[in-house]
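A.B. asks: To convert, count from 1 in the sequence shown and add 277; that's the working numbering. Positions of the beta carbon are idealized from the N, C-alpha and C atoms, including for glycine.
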Amino acid sequence: QVQLVESGGGLVQPGGSLRLSCFASGSFFSMYTMHWYHQAPGKERELVASITSSGSTNYADSVKGRFTISRDNAKKTVWLQMNSLKPEDTAVYYCNKGFPHFAWGQGTQVTVSS
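This is the structure:
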């Protein structure tokens, strides 16, 4: 049973930075492509960034050049470095593998506001 624990969110001014972390308990973490998603109030959960087990990455157009996803398989951790944050990045951020997903974690709230 894999449990996902996201952390690192907070309140930041536009143009600021945050680094999100996601720890995945359980086995076989290194086998999976991992993703970061976000869900803004009243909207559906959206894919933000992905990283394969070997480290290849992909990003939503809205975050390209601003966000960087990385992972450490030995630490069972995925990070999302978020730079040049914009108010529209405000959302709860979750990590997970693709479908079928693990049980969702609690997420971490990111609020970008002056």
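Quick check on this structure: which residue in SER304, GLU365, VAL289, GLN316 has the alpha carbon closest to the alpha carbon of ALA351?
C.D. replies: The shortest Cα separation from ALA351 among SER304, GLU365, VAL289, GLN316 belongs to SER304.
A.B. asks: Does the stretch 355-368 come within contact of the stretch 286-304, defined as at least 3 CB pairs closer than 8 Å?
C.D. replies: Result yes; three or more Cβ-Cβ pairs closer than 8 Å.
A.B. asks: Starting from GLY384, trace the beta strand (DSSP E) in both directions and tell me its first and last residue.
C.D. replies: Note, GLY384: premise wrong, no beta strand (DSSP E); not H, not E.
A.B. asks: Compute the Euclidean distance between the alpha carbons of TYR371 and SER391, then round it to the nearest angstrom.
C.D. replies: Going by the C-alpha atoms only, they are around 24 Å apart.
A.B. asks: Using three-state DSSP, classify ASP349 as helix, strand or coil.
C.D. replies: If DSSP states are grouped into helix, strand and coil, ASP349 belongs with the strands.
A.B. asks: By the DSSP assignment, the beta strand (DSSP E) with ASN373 in it spans what residues?
C.D. replies: Its beta strand (DSSP E) spans residues 368-374.
A.B. asks: What does the alpha-carbon distance come out to for the pair LYS374 and TYR309?
C.D. replies: Whole-angstrom Cα-Cα distance: 6 Å.
A.B. asks: Smallest Cα separation from ARG396: which of TYR336, THR388, ALA368?
C.D. replies: An answer regarding residue 396 cannot be provided, because it is not within the stretch 278 to 391 covered by the chain.
A.B. asks: When the Cα atoms are used, what is the spatial distance from ILE346 to LYS320?
C.D. replies: Their backbone Cα atoms lie some 23 Å apart in a straight line.
A.B. asks: Please return the same chain residues whose Cβ sits closer than 7 Å to the Cβ of VAL340, not counting the five positions on each side in sequence.
C.D. replies: Excluding residues within five positions, the ones whose Cβ falls inside 7 Å are VAL325, ALA326.
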